[in-house]
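Undergrad: Numbering (the numbering used here), first residue to last: 42 to 208. Glycine residues also receive a C-beta, built at the ideal position from the N, C-alpha and C atoms. From a predicted model like this one, the values you see are computed outputs, not experimental measurements.
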């Protein structure tokens, strides 16, 4: 009886091992084949600055995801609104995006894209696109001054919110 059970167990294990690669192959497509997906726009936000001095929300549409060695989207379109929620004329609301992209050499550098709104009560609309996008992160800040770049406190204090990560 134990020999029969052992042989039945081995036969079942052999069948499972032979079926698993076929199922995985069917789910992922051919090896080396890039997968192109067209996704609907995904909403993100609302995200607030510390102290609720600013708010950002919007949508992200990714097309042409490539799942080769380093996954990346062919194009990522980010759109939305930034709100300055402070009444002070000297304070602005910022939405800072960190776009990590794939280079032709396979590296993953990043760029900052900042959207600034200094008008209380009137949101600023924005829309921009990047190519070969691996990850999109967001940080919302509220700070004084009319500098074109966000302060180091805005960039390096606190955590970035991940809006998109290619898988």
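1) Which residue or residues does DSSP assign as beta-bridge partners of residue 132?
2) When you compare each of 140, 103, 97 to residue 125 by their alpha carbons, which one comes out closest?
3) Kindly identify the DSSP beta-bridge partner or partners of residue 99.
4) So, with DSSP's three-state summary, where would you put residue 148?
5) Less than 8 Å between the beta carbons of residue 134 and residue 99, yes or no?
6) Put residue 162 into one of helix, strand or coil per three-state DSSP.
7) Taking a contact to mean a Cβ-Cβ separation below 8 Å, would you say residue 171 touches residue 143 in this structure?
8) Taking the C-alpha atoms as reference points, what is the distance between residue 5 and residue 155?
9) Straight-line CA distance for residue 204 to residue 195?
10) In whole angstroms, what separates the C-alpha of residue 157 from that of residue 83?
11) Skipping 5 residues on each side, what residues in its chain have a beta carbon closer than 6 Å to that of residue 141?
12) If you count every other CB in all the chains shown that lies within 10 Å of the CB of residue 183, and 16 or more means buried, which is it?
13) By alpha-carbon positions, which one of 198, 191, 207 ends up nearest to residue 137?
14) Run through the DSSP bridge pairs and tell me what residue 114 is partnered with.
15) So, are the CB atoms of residue 10 and residue 95 less than 8 Å apart?
16) Along the chain, where does the alpha helix (DSSP H) containing residue 206 start, and where does it finish?
17) Suppose you measure from the CA of residue 145 to the CA of residue 128; what does that come to, to the nearest Å?
TA: Taking the definition as stated:
1) Here the question's residue 132 lines up with position 91 in the chain shown. According to DSSP, which records beta bridges pairwise, residue 132 is partnered with 185.
2) Within the chain shown, numbered from 1, the residue matching residue 125 stands at position 84. With distances taken between Cα atoms, residue 125 lies closest to 97.
3) By 1-based counting over the chain shown, the position of residue 99 is 58. Residue 99 pairs with 85, 121.
4) In the chain shown, the residue the question calls residue 148 occupies position 107. Three-state DSSP puts residue 148 in coil, outside helix and strand.
5) Along the chain shown, one-based indexing puts residue 134 at 93. Along the chain shown, one-based indexing puts residue 99 at 58. Contact flag unset, no.
6) Reading the chain shown from its first residue, position 121 is the one you call residue 162. Here residue 162 sits in coil by DSSP.
7) If you number the chain shown from 1, residue 171 lands on position 130. If you number the chain shown from 1, residue 143 lands on position 102. Not in contact: residue 171 and residue 143 (Cβ atoms no closer than 8 Å).
8) Nothing can be reported for residue 5, as the shown portion of the chain is limited to 42 through 208.
9) Here residue 204 refers to the residue found at position 163 when the chain shown is read from its first residue. Here residue 195 refers to the residue found at position 154 when the chain shown is read from its first residue. Near 18 Å, if we compare the C-alpha coordinates of residue 195 and residue 204.
10) For the purposes of this step, residue 157 is taken as the residue at position 116 of the chain shown. For the purposes of this step, residue 83 is taken as the residue at position 42 of the chain shown. Computed Cα separation, rounded: 22 Å.
11) Residue mapping note: residue 141 aligns to position 100 of the chain shown, counting from 1. Cβ within range, chain order: 149, 151, 175, 176.
12) Walking along the chain shown from the start, residue 183 turns up at place 142. Buried, because 16 or more other Cβ atoms sit within 10 Å of the Cβ of residue 183.
13) Taking the chain shown and counting its residues from 1, one reaches residue 137 at position 96. Closest by alpha carbon: 191.
14) To locate residue 114, count along the chain shown from 1; it is residue 73. Residue 114 pairs with 106, 174.
15) Residue 10 falls outside the range modelled here, since the chain spans only 42 to 208, and no answer is possible.
16) Sequence index remark: in the chain shown, residue 206 carries index 165 (1-based). Per DSSP, residue 206 belongs to no alpha helix (DSSP H); it is in the beta strand (DSSP E), 202-206.
17) In the chain shown, counting from the first residue as 1, residue 145 sits at position 104. In the chain shown, counting from the first residue as 1, residue 128 sits at position 87. Whole-angstrom Cα-Cα distance: 46 Å.
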